[in-house]
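Since the structure comes first, as structure tokens, the remarks are kept for the end.
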Amino acid sequence: MNRRAEIAGILILACTLLVLVSLLGFHPAEEPTISQYIRIQNPMGIVGVGIAYSLIKIALGYTAYLLPLVGFVWGWVFFTHRPWGPVVRHTLYFLASLGWLALSVGTVQVVFYPQSHRALLVSGLWPSLTATLIRDFAGLPGLLILVLAGWLILARGYFAANFYTPFLWLKERYQSWRQRRADQRAKQLAEEARREHTEKLRKRLETRFSEAENPQSSSGTADAPEELDPGEIVRLAQSGERKTDREHPPEPELFPPEPEMEETASADEIEVGEMVQEKEVDLDAVKGRNRPRRTYQLPTTDLLVTPPRIDDAQNKEELIERANFLAQSLATFGVEGKVVNVHPGPVITLFEVEPAEGVRVNKFVALADDLARVMEASRVRVIAPIPGKSSVGIEIPNRNPEIVYFKSVINSEKFAQATSLLTLAVGKTTSGEIAILDLAKMPHLLIAGTTGSGKSVCLNTIICSLLYQATPDEIKFMIIDPKKVEMSLYRALKGYHLLGLEDIDESIVTSTENAILALRALEKEMDRRYNVLSDAVVRNIGEYNERARKKKEPILPYIVLIIDELADLMMLSAKDVEQPIARLAQLSRAVGIHLVIATQRPSVDVITGVIKANFPARIAFQVATKIDSRTILDTPGAEKLIGRGDMLYQGPGSSEPVRLHNAFLSLDEIEAIMKYISQQPQAEELKLASIREVAVTGPGGETGGSEDELLKDAIRLVVTHQQGSISLLQRRLKVGYSRAARLIDEMEALGVVGPFTGSKAREVLVDESYLLSIE
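In my numbering, the protein residues as written are 3 to 777.
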């Protein structure tokens, strides 16, 4: 192909050179029909005469001298093997421009030199005849318009020239000039009104000075002075203080006094709602709660702190005063609106503002930070507009926020009457209504928030809510705590609610290696449960347990996986963590396995698209930026929360998040609950089966029978560092967990490392002299 292209390039260059020489040797008197007895002056002979005659006299006129450029370009493209795709566009525009240039020259010849033979030679026969034909049919203006339009089209197509931009620029300049004239005119009118007002004040003051000097009436009688009202006496006294300096009267006020503030709205104009007061019940007195359940008794509410009585709640007058101040503040910033409703709550108060006609709602959103300043609040959240209403919601924190206690939530009628074993006592809504959620309907929960925003307290309320609802036979927990300190209190649940794993010797999983093992084991347990449900011909765990209770057989307990900090696991081994979490989230609902995952860094590399798609229920505490809020909720708003349990909850199928206040649960209360549970008789401990065969086989099913090509490198690392650790191989060899586990197992078979010892690194059985034998 390269040889053919070079040959084609040589032929094109040769033909182009022939045409160029023919054009340069053109003589007007020579024609193709010239007699053979006449000497031909064209260097290319009769062929050159024919080429020059066809291109110059007939086709393009003197414009034809530009035509060989096309041939030289194409010959060079083929000869040098350059891509010819872009050259096609330039060639087409060049040929079109040559034709239109010839037509333009023909137009000049027809208009200015219609009888000139030399001018006809310059333009060519065909362009001249075409221009003449267009002039005869459309007239001279039509010919000129057509030629101009053609050049504009070529310029727009080739150079991408935008002819509309100059018109826009002229329009903007004209509008700017009109605006400056209007501003100058308004300024002049204001100056004139100011001068007129000043002149009126000066005349009024001079009149008062003259009346003060001649207090007698104009009749000239010596009667007693007429009585004046006290206000007039004060004004005359003030003007008389300077009557000794008549030649320099006091300067009058040039500006009128500021108008008085508009009348504030009355109590009848603002509808102030009452905070919801939920009916309290005694959870311990609920029928059937204290019956013996295999000798295990649920925790009592006496272990929790009783909420104190708060008498300094916001009264109606205070709320109306804040509503009026909010309306005046909005008017100060140029946004007109009227507060129509006030909804007080335990932590924040929602003010419904009806915007004036023509006011856009995005102006309220832009004023959030300014309103926080003038209302002396840490943060202000704007709901623009409130769903289903024409008003805008402005949520302002209370000056004295209440604490939502965990005991007040679980002692509510809603929690006491809940039938689901996975009922969560979350807290209260912004209006004070008790908020409970059902984990079985979520079916998984994703939590995000910065440090100190209430994320760990939320996990504590979730765990303790389930402890107050179900026995160890009904609910089991698997807790993964990479930080090692947040969930340490729940070690007391070992033998009760905590799941055991044969490969892990710690009750609360803390290391990344054990976390991966726990996730794999839970994944295997999910597959086992699906086989059990399939054999029993039921669709979900609820139907299976109902049938098992009727037959008085053991039930399948719900399993709740708690991960306190997902970011740490994803940073160390993202691939080995993401895959089991995604699979559990997709399939585990029917078999009673539910995930509650928390992270303080809601970035896209932690909450990946695969994980996020399988967690429709999400809770966002206070975050740093709008980007973090969009990552967790797909909408801004979490950056405007005030912290300390203030959160936004977005349920499955909901497009708008709901603001809630998480219940507070102290460490003393958790310790009391753990102590109470540890005094109960232990049930039979449930342990998940070993997954060592999963680590040897790998997630894809490939066997480990053949020796790994990295085995020698792995042996060198382990012997050199005297540490038989899977994480060491992952970091140094850049491999996944499954392959590193296979390498350790192969080294165990070779006698390099000892047997599995739980979470500790395996013992290395050889020294560095062993490395010489494998070289």
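Backbone N, C-alpha and C fix where the C-beta goes; we use that ideal spot for every residue, glycine too. Predicted model only: the values in this text are computed from it and were never measured.
Boundaries of the alpha helix (DSSP H) around A517: T514 to A538.
Around the beta carbon of C466, a 10 Å sphere encloses 16 or more other beta carbons of the protein chains shown; the residue is thus reported as buried. The residues A450, P604, R620 and A622, in chain order, have a CB closer than 6 Å to that of I634 in the same chain once the five nearest residues on each side in sequence are set aside. In this structure, DSSP gives F617 a state outside helix and strand, which the three-state scheme calls coil.
Every unbroken stretch of the alpha helix (DSSP H) spanning 4 or more residues and falling wholly within the segment 332-403 is given here in chain order: 364-368 and 370-376. Measuring C-alpha to C-alpha distances from K430 to each of A420, S414 and H29 identifies S414 as the nearest. Nearest C-alpha to L667 among V406, L148, P45 and L352: V406.
In this chain, the beta strand (DSSP E) harbouring F479 covers I477 to I482. Across the structure, V367 and V337 are spaced so that their CA atoms are roughly 11 Å apart.
Shown here for L745: same chain residues with a beta carbon closer than 7 Å to its own, the five before and five after excluded, namely D710, L712, L713, A716 and L731 in chain order.
DSSP places Q652 inside the beta strand (DSSP E), whose first and last residues are D648 to Q652. Boundaries of the alpha helix (DSSP H) around R733: I728 to L735.
Within its own chain, the residues whose Cβ lies closer than 8 Å to the Cβ of A7, once the five positions on either side in sequence are excluded, are F80, F81 and H83, listed in chain order. The C-beta separation of A329 from V341 comes to about 5 Å, placing the pair in contact by the 8 Å criterion. In this structure, L423 lies away from L439, with their beta-carbon atoms at least 7 Å apart.
A straight line joining the alpha-carbon of Y532 with that of R541 spans about 9 Å. With a contact defined as Cβ atoms closer than 8 Å, I693 and A523 qualify at about 5 Å.
In the DSSP annotation of this structure, the continuous segment of the alpha helix (DSSP H) that includes G52 starts and ends at G47 to A54. Across the set Q624, Y560 and G655, the C-alpha of G655 shows the shortest separation from the C-alpha of P618. Judged by DSSP secondary structure, K552 falls within the alpha helix (DSSP H) whose first and last residues are I543 to K552.
In this structure, K642 sits near R381, with a CB-CB distance shorter than 7 Å. For A751, the enclosing alpha helix (DSSP H) covers residues Y739 to L752.
Between the C-alpha atoms of F74 and T18 there is a straight-line separation of about 6 Å. Counting of Cβ neighbours within 10 angstroms places P45 among the exposed residues, the total staying below 16. Under the 10 Å beta carbon count, I147 is surrounded by fewer than 16 other beta carbons and is classified as exposed. By the criterion of at least three beta-carbon pairs nearer than 8 Å, the segment 470-480 is not in contact with the segment 645-660. Bounds of the alpha helix (DSSP H) holding T463 are K457 to L469.
For D440, the enclosing beta strand (DSSP E) begins and ends at I436 to D440. The residue from I561, L535, I564 and V562 with its alpha-carbon nearest to that of A550 is L535. The residues V112, in chain order, have a CB closer than 6 Å to that of T134 in the same chain once the five nearest residues on each side in sequence are set aside. When DSSP reads this structure, V593 sits in no beta bridge, so it has no partner.
Burial of P70 is indicated by the presence of at least 16 other C-beta atoms within 10 angstroms of its C-beta. The beta carbon of E527 sits closer than 6 Å to those of L690, all from its chain and outside the five residues before and after it, given in chain order. Going by C-alpha positions, Q624 is about 6 Å away from T452. From the listed residues A584, T334 and D607, the smallest Cα separation to N616 is found for A584. Comparing alpha-carbon positions, the option among K736, T167, S331 and G52 lying closest to A374 turns out to be S331.
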